[in-house]
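A.B. asks: The structure that follows is given in the form of structure tokens.
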Amino acid sequence: MRLPVLVFLIVILVSSVGAGVSALEKSQPSDPRLIQPVTIECVNVRLHVVLEQISETTKVTIRCGRDNKDWQVRDIPVTVCTNDLALGKLLNSIAISTHLFFESEKVGKSTVYHIWRDRKRQKTLDDYYADVAACATATRAWNWDTVAKMKDIPDDKLWRSTPEPTHNFYGAMSSFLTALGPDMRARAMAGETLRLDLQSASAQWRGDLQNVFTAQGPYNSGQWSQPTADDAAHAIQPTQDELHKFRMLISGDQVSILDPSGAQNFYPLGNVASCLSPEAMESVGIPERPRSSDLPIIDDPSGNIKPLEGNSDLWDSPLIQEKIKLDLIKGKRPSCGELLAALAKATGDNIICEDFESQRSCLRPEIASSTDVTVISVLQAIDQRATHTWKVGFIWHASQKDKIILGISNNWPYHHRDIVSDAFLADLRQKMSGDGVRLDDFLRVMRLTSDQVEEWIRFSPDLSILTAYGISEQKNFWMLYDSLNAQERTQAQSESGIPLGSLHPQLLVDLLRQYNAEIKARKDAWIFDKQIEWPKEFPLNDEAIATITMRVAVKEGYQQRQNFNASNSDIKYPVGWLKKFSYNMVLSGTQNSAVFETQSLGPTGLPIYTPEREAALGIKPLAQDPHQ
19 MRLPVLVFLI VILVSSVGAG VSALEKSQPS DPRLIQPVTI ECVNVRLHVV
69 LEQISETTKV TIRCGRDNKD WQVRDIPVTV CTNDLALGKL LNSIAISTHL
119 FFESEKVGKS TVYHIWRDRK RQKTLDDYYA DVAACATATR AWNWDTVAKM
169 KDIPDDKLWR STPEPTHNFY GAMSSFLTAL GPDMRARAMA GETLRLDLQS
219 ASAQWRGDLQ NVFTAQGPYN SGQWSQPTAD DAAHAIQPTQ DELHKFRMLI
269 SGDQVSILDP SGAQNFYPLG NVASCLSPEA MESVGIPERP RSSDLPIIDD
319 PSGNIKPLEG NSDLWDSPLI QEKIKLDLIK GKRPSCGELL AALAKATGDN
369 IICEDFESQR SCLRPEIASS TDVTVISVLQ AIDQRATHTW KVGFIWHASQ
419 KDKIILGISN NWPYHHRDIV SDAFLADLRQ KMSGDGVRLD DFLRVMRLTS
469 DQVEEWIRFS PDLSILTAYG ISEQKNFWML YDSLNAQERT QAQSESGIPL
519 GSLHPQLLVD LLRQYNAEIK ARKDAWIFDK QIEWPKEFPL NDEAIATITM
569 RVAVKEGYQQ RQNFNASNSD IKYPVGWLKK FSYNMVLSGT QNSAVFETQS
619 LGPTGLPIYT PEREAALGIK PLAQDPHQ
């Protein structure tokens, strides 16, 4: 979904760098401070810190964000490495790379400068995010309807080029989706996972389903190539009487088929779009795939943001061909920011860019030991690193006149949406270096969205260990606990627990309904022949809800620390035993004198420390658990 959006952004960003005519020098021709040279090196530092340092050095007041609480702008990470670059050009370059508004203001007799995102630009971003979400919803429906119409497309017009098993599968799936009818489609589009009871299916369904299973092609071949003789021998060929051994799940636009062994094959309906030709789509009236709108570019009303003088696409610039020697620690994984700082030192170029890559992970160390490095090879290494983490990388621009290399993130709207405040991360790091990250701190991590965790926690060299203790299936129950005040949390950890029915009745119903759905999903996804006693579903009537109690049991014990290396980093955790706490939540209630309950495993192995703190606590390799 993100790839076509990013293609639009690339075109937009390239044009935006060349847009606008500077009025900065016209409006402030008597301000000589803008031409004073600035030398600075800030590697993966928050924007407000960089601007404060520049302001202190130049004695020019530079404001960041709407106010001091506007951390969504103030905490944008940047790497800025300059060598006697004029202040005006530096501020202009920072504004371009961070997609912010740069303006001058009169305060009394003084002129101050301001880099921020005004409300009009913020609304533009918010509207864009809403449009992208709406497009994703429309695309799921489009995928379903497109596959449903494929049965009506003549074979000679159906496929551009696709393997025969895929062809047959989507043809059979087309008939099956049509047979499901509009009600089932509406339920799938509303977010419900359809779990089909094949034993009680109609004759039409069973016939269509038999065709779907048969058309899957080679069982577990792992290939989209033509099946081999061995593949064909293992192909799924169920009879109608055997269909009760199979299960089918339809969630959104993804179909999952589970065979009797429990193996699960996934078929995203959206894959069909790349196989249909325009002629095939037109023949049955399939409209074009929904597309989100382009990110609008708002003209700079002051004209203060100007293009780089002598600007060009970086790949056409002579700057990139220069051979250099990087000053890096051999064998150590450099971050993107460290690599850019070494590049600036080696070339004398001025490098300014957003840096959402350095906190995610580090580059391979080979670049540091290379003796034949060019500017282009360094920038390509950064782009490849960004691409491998699904962030696509940068658009690089250069000013030959000012020796400026400007990096503009391809995916900047999503980076800005998913930013996490520096104060939040600093507090986690401080606690890891002191008393450790405990339950209340860890639940704050759980409040983050999955994209925020991916961006700032999971691949952060020093924070990635936090995700090793994540709670996924029962996250919402722990978010309910997180909403309690200090007194209520203490009561929840008591022997009697805390009654929830009177505190959050509607929220409880929503959470338990989701819990029931998870139990169903886990039953469906499990191996069929294995006997598991699953928790029972919760009754959702008023009588049962009023009796529900939450109890959080805390167990203290010892946990052995294995060799744990933070993701893609040089941080290593020592082997040893630590006193840790584990948490288990039980929700229980009664109905008609019968007791029902569920258990939710919580974080184990808390508190979490830094390697240095663990070493200071005296961790030593031990042959056995010290409490034995």
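Following the numbering used here, the numbering of the sequence shown begins with 19 at its first residue and continues without gaps. Ideal placement from N, C-alpha and C gives every residue a C-beta, glycine not left out.
1) If we ignore side chains and look at the alpha-carbon of each, how far apart do Gly-366 and Phe-412 end up?
2) In the DSSP assignment, the beta strand (DSSP E) including Arg-265 goes from what residue to what residue?
3) Are there 16 or more other CB atoms within 10 angstroms of the CB of Lys-409, so buried, or fewer, so exposed?
4) Counting along the chain, where does the beta strand (DSSP E) carrying Gln-492 start and finish?
5) Can the beta-carbon of Arg-135 be found less than 7 Å from the beta-carbon of Leu-118?
6) I'd like the list of long-range same chain contacts for Pro-319, defined as Cβ closer than 6 Å, with 5 residues on each side in sequence excluded.
7) Cβ of Asp-130 within 7 Å of Cβ of Glu-121?
8) Under 7 Å, do Gly-594 and Lys-638 count as touching if we go by C-beta distance?
9) On a CA-only basis, which of Asp-390, Gly-425, Lys-554, Leu-529 is nearest Gln-339? Give me that one, please.
10) Taking 8 Å as the cut-off, does the region 596 to 603 touch the region 559 to 566 (at least 3 CB pairs, one atom from each stretch)?
11) What do you get for Lys-107, buried or exposed, if any count of 16 or more other CB atoms within 10 angstroms of its CB means buried?
12) Would Thr-76 and Gln-54 be called neighbours here (beta carbons separated by less than 7 Å)?
13) So, Ile-94 versus Thr-116, is the Cβ gap smaller than 7 Å?
14) Using 10 angstroms around the beta-carbon of Ile-647, count the other beta-carbons present and answer buried if the total reaches 16, otherwise exposed.
15) Where in the region 136 to 217 do unbroken runs of the beta strand (DSSP E), each at least 3 residues long, occur, reported from the N-terminal end onward?
16) Report yes if the C-beta distance between Leu-195 and Val-230 is below 7 Å; otherwise report no.
17) Of the residues Ser-311, Leu-69, Leu-357, which one's Cα is nearest the Cα of Ser-395?
18) Would DSSP call Ile-94 helix, strand or coil?
19) Given this structure, state the Cα-to-Cα distance separating Asp-528 from Gln-418, to the nearest angstrom.
20) Can we say the region 202 to 216 touches the region 152 to 165, given the rule of at least three CB pairs closer than 8 Å?
21) Can you give me the Cβ contacts of Gln-222 inside the same chain, cut-off strictly under 8 Å, excluding the 5 residues immediately before and after it?
22) To the nearest whole angstrom, what separates the beta carbons of Gly-355 and Tyr-627, a pair I think is in contact under 8 Å?
23) Assuming contact is defined by CB atoms lying nearer than 7 Å, are Val-61 and Ala-359 in contact in what I supplied?
24) Can you tell me where the beta strand (DSSP E) holding Arg-64 begins and where it ends?
25) Would you say the region 615 to 635 touches the region 503 to 512, given that touching needs at least three Cβ pairs under 8 Å?
26) I'd like the list of long-range same chain contacts for Ser-439, defined as Cβ closer than 6 Å, with 5 residues on each side in sequence excluded.
C.D. replies: Looking at the coordinates:
1) Reading the sequence shown from its first residue, position 348 is the one you call residue 366. Reading the sequence shown from its first residue, position 394 is the one you call residue 412. So the two alpha carbons sit approximately 21 Å from each other.
2) Taking the sequence shown and counting its residues from 1, one reaches residue 265 at position 247. Per DSSP, the unbroken beta strand (DSSP E) holding Arg-265 starts and ends at 265 to 269.
3) Taking the first residue of the sequence shown as 1, we reach residue 409 at position 391. Bear in mind that a pLDDT of 49 at Lys-409, under 50, signals an unreliable position, so the model cannot answer this.
4) Position 474 of the sequence shown holds residue 492. Under the DSSP assignment, Gln-492 falls outside any beta strand (DSSP E); it carries neither an H nor an E label.
5) Residue 135 sits at position 117 when you count from the first residue of the sequence shown. Residue 118 sits at position 100 when you count from the first residue of the sequence shown. Arg-135 is a Cβ neighbour of Leu-118, given a cutoff of 7 Å.
6) As a first step, residue 319 is located in the sequence shown; it is residue number 301 there, counting from the start. Model confidence at Pro-319 stands at a pLDDT of 46, short of 50, so the residue's coordinates are unreliable; what they give is reported in the following sentence. Sequence-distant partners of Pro-319 (beyond 5 residues in either direction) whose C-beta falls short of 6 Å from its own C-beta are missing from its chain.
7) What you label residue 130 is simply residue 112 of the sequence shown in a count that begins at 1. What you label residue 121 is simply residue 103 of the sequence shown in a count that begins at 1. Strictly speaking, residue 130 in this sequence is Val, with Asp absent from that position. Val-130 places its beta carbon 7 Å or farther from that of Glu-121.
8) Residue 594 sits at position 576 when you count from the first residue of the sequence shown. Residue 638 sits at position 620 when you count from the first residue of the sequence shown. Taking 7 Å as the Cβ cut-off, Gly-594 and Lys-638 qualify as a contacting pair.
9) One-based indexing of the sequence shown puts residue 339 at position 321. Nearest option by C-alpha distance: Asp-390.
10) Flag = no, the region 559 to 566 and the region 596 to 603 do not touch.
11) By 1-based counting over the sequence shown, the position of residue 107 is 89. Of the other Cβ atoms in all chains shown, 16 or more fall within 10 Å of the Cβ of Lys-107; this residue is therefore buried.
12) Position 58 of the sequence shown, counted from the start, is the residue given in the question as residue 76. Position 36 of the sequence shown, counted from the start, is the residue given in the question as residue 54. Their beta carbons are under 7 Å apart, which means Thr-76 touches Gln-54 by this criterion.
13) What you label residue 94 is simply residue 76 of the sequence shown in a count that begins at 1. What you label residue 116 is simply residue 98 of the sequence shown in a count that begins at 1. Cβ atoms of Ile-94 and Thr-116: closer than 7 Å.
14) Missing from the structure shown is residue 647; the chain here goes from 19 to 646 and no further.
15) If we require 3 residues or more, the beta strand (DSSP E) runs fully inside the region 136 to 217 come out as 211 to 213.
16) Here the question's residue 195 lines up with position 177 in the sequence shown. Here the question's residue 230 lines up with position 212 in the sequence shown. Taking 7 Å as the cut-off, the Cβ atoms of Leu-195 and Val-230 do not count as close.
17) Numbered from 1 along the sequence shown, position 377 holds the residue referred to as residue 395. Nearest to Ser-395 by alpha-carbon distance, out of Ser-311, Leu-69, Leu-357, is Leu-357.
18) Within the sequence shown, residue 94 is the residue found at index 76, counting from 1. Three-state result, Ile-94: coil.
19) On the sequence shown, position 510 is the one that residue 528 refers to. On the sequence shown, position 400 is the one that residue 418 refers to. If I take the Cα positions, the gap works out to 59 Å.
20) With three or more CB-CB distances shorter than 8 Å, the region 202 to 216 counts as touching the region 152 to 165.
21) As a position in the sequence shown, residue 222 is number 204, starting the count at 1. Cβ within range, chain order: Ala-197.
22) Here residue 355 refers to the residue found at position 337 when the sequence shown is read from its first residue. Here residue 627 refers to the residue found at position 609 when the sequence shown is read from its first residue. Actually they are not in contact, since the Cβ atoms of Gly-355 and Tyr-627 sit about 26 Å apart, beyond 8 Å.
23) Counted from its first residue, the sequence shown places residue 61 at position 43. Counted from its first residue, the sequence shown places residue 359 at position 341. The answer is yes: Cβ separation under 7 Å.
24) Here residue 64 refers to the residue found at position 46 of the sequence shown. In this chain, the beta strand (DSSP E) harbouring Arg-64 covers 55 to 64.
25) In the pairwise beta carbon analysis, the region 615 to 635 is classified as not touching the region 503 to 512: fewer than three pairs are separated by under 8 Å.
26) Within the sequence shown, residue 439 is the residue found at index 421, counting from 1. Hits under 6 Å: Trp-89, Asp-93.
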